[in-house]
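Residue numbers (the numbering used here): 1 to 232.
Report on the structure given below.
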């Protein structure tokens, strides 16, 4: 599969690194013919069990299948890179290059959970902000990608269409902790670096985040600018 497109270098690197980790896991599970032949089945019980014991933070998925596509791989703890996050992959996308295929073959869904690092979304290119399950989110990559902000993490949803990305966002639940796909997600404990208009209900949600973190962040930035002599 060609890597799902993203206008940001960090997101592209994150997906490429995660795809490499998952490809290694899937290749190990395929028969001796190697990764160039055959179609991998759903994730093995042992690999899923490893993902369910990931210890550092909540990792999100959408259950054992998505739109008829089985969960094919999960990163788990082995090979974990904190700046890349932990991912789950759905689909049966085998061509000449293994599960991630070649040509126009695209996984229908990848969900990556990573500890949020404060940054501006300005580099994402054309985007719009919205609420997903009661928390802030950003839609970008022509609608194929959604970043959801919850708890201490960001959940990056990479899909082939906006409808699939939005559906996946509505079905998110923890893989390695109790939780369900219904109701709101936990509010983020940080202020997401949204770019562009933030209006209506979303603006109220941002104002009411725990400990008024967005107001504190704005005040801290203004103080830093005053110390440096900047007017804005």
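Don't be surprised by glycine CBs; every beta carbon is placed ideally from N, CA and C.
Computed from a predicted structure; not experimentally measured.
Where residue i falls, given that 16 or more other Cβ within 10 Å makes a residue buried
| i | result |
| --- | --- |
| residue 126 | exposed |
| residue 110 | buried |
| residue 219 | exposed |
| residue 174 | buried |
| residue 53 | exposed |
| residue 147 | buried |
| residue 76 | buried |
| residue 49 | exposed |
| residue 235 | Since the displayed the chain opens at 1 and closes at 232, residue 235 lies outside it and no answer follows. |
| residue 129 | buried |
| residue 204 | exposed |
| residue 161 | exposed |
| residue 159 | buried |
| residue 208 | exposed |
| residue 108 | buried |
| residue 201 | exposed |
| residue 216 | exposed |
| residue 37 | Bear in mind that a pLDDT of 38 at residue 37, under 50, signals an unreliable position, so the model cannot answer this. |
| residue 68 | exposed |
| residue 28 | Note that residue 28 scores 44 on pLDDT, short of 50, meaning its location in the model is unreliable; the coordinates nonetheless yield the value given after this. Residue 28 is exposed by the Cβ-count criterion. |
Residue i (DSSP reduced to helix, strand or coil)
| i | result |
| --- | --- |
| residue 66 | strand |
| residue 54 | coil |
| residue 156 | strand |
| residue 143 | helix |
| residue 111 | strand |
| residue 217 | helix |
| residue 87 | strand |
| residue 137 | strand |
| residue 174 | strand |
| residue 73 | strand |
| residue 33 | Residue placement at residue 33 is poorly supported in this model, since its pLDDT is 35, which falls under 50; the coordinates still yield a value, given next. Coil. |
| residue 22 | Caution is warranted here: a pLDDT of 47 is assigned to residue 22, below 50, making its placement in the model unreliable, and the coordinate value is therefore given only provisionally. DSSP places residue 22 in helix when its eight states are reduced to three. |
Limits of the unbroken alpha helix (DSSP H) element including residue i
| i | result |
| --- | --- |
| residue 202 | 200-207 |
| residue 168 | 162-170 |
Endpoints, beta strand (DSSP E) assigned at residue i
| i | result |
| --- | --- |
| residue 132 | 128-132 |
CB contact below 8 Å: residue i versus chain B
| i | result |
| --- | --- |
| residue 127 | This model lacks chain B altogether, as it is built from one protein chain only. |
Near the ligand FMN: residue i beta-carbon under 7 Å from a heavy atom
| i | result |
| --- | --- |
| residue 186 | Questions concerning the ligand FMN fall outside what the structure shown contains, since it holds no ligand whatsoever. |
* Would you call the region 148-156 and the region 177-193 touching, i.e. three or more CB-CB distances under 8 Å? -> yes
Three or more beta-carbon pairs under 8 Å between the region 112-125 and the region 81-88, yes or no?
yes
task: Determine, using beta-carbon pairs with one atom in the region 167-181 and one in the region 204-217, whether at least three such pairs fall under 8 Å.
output: no
Assess, as a yes-or-no matter, whether the region 55-66 is touched by the region 156-172 under the definition of 3 or more beta carbon pairs within less than 8 Å.
yes
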